[in-house]
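The next block holds one structure in the form of structure tokens; read it before the comments.
Residue numbers (this note's numbering): 30 to 222.
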């Protein structure tokens, strides 16, 4: 079983990942820890995670624990989706984590309406942890060729901004406000590299 836990100290976290770096796996692992701690998880995404990966990370949970994982489709108007998430998060007992996986288009500028909806959700969740994942943007001037899209606005909205990239060795590098961590993908999620 993967013993690694993300070093996120904030309750509002934005994780931008390179394609295939494992941002969804990281979110699934966070969800597993929250479920094991006795709390609920709300998961919204345009598509559910790969079924094989989903069962690798969450499959070992007892059925009574797994029933605290609630998923919804992240399609349509972002403001309506986030209002539904906020209503569920504040009315269901014991919600510990809300995940918006791939909340923004994979490329290009993040639409203002989507950003505003995410920001409003973050404001309405109180102390419930919100993890929003998106793809890194490309930036030929950056050392590694990537940048976090809308990073200044995300930080201004109260998010801790993290990035997940893949080193040439295949090890994942998680960088943010705290100490960088090197992790590797394992069947159960991510673990120390």
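In this text, a Cβ means the ideal position worked out from N, Cα and C, and glycines have one as well.
Helix, strand or coil at residue i according to DSSP, with G and I counted as helix
i	result
residue 38	coil
residue 188	coil
residue 114	helix
residue 145	helix
Beta-ladder partner(s) of residue i, from DSSP
i	result
residue 138	Looking at the DSSP assignment, residue 138 forms no beta bridge with any residue, so it has no partner.
residue 210	203
residue 126	70 and 158
residue 167	175
residue 221	212
CB of residue i within 8 Å of CB of residue j, strictly
i	j	result
residue 107	residue 142	yes
residue 24	residue 69	Lying outside 30 to 222, the shown extent of the chain, residue 24 is not represented and no answer is given.
residue 157	residue 117	no
residue 229	residue 192	Because the chain is modelled from 30 through 222, residue 229 falls outside the range shown and cannot be assessed.
residue 131	residue 75	yes
residue 126	residue 60	yes
Local Cβ density within 10 Å of residue i, reported as buried at 16 or more and exposed below that
i	result
residue 188	buried
residue 37	buried
residue 30	Here the model assigns residue 30 a pLDDT of 48, short of 50, so the residue's position is not dependable, and the following value carries that caveat. Residue 30 is exposed by the Cβ-count criterion.
Residue i versus the options, residue with shortest Cα-Cα distance
i	options	result
residue 151	200, 56, 169 and 112	112
residue 216	79, 66 and 45	79
residue 166	145, 176, 190 and 83	176
residue 155	104, 96 and 115	115
residue 163	170, 171 and 179	179
residue 182	214, 213, 149 and 170	149
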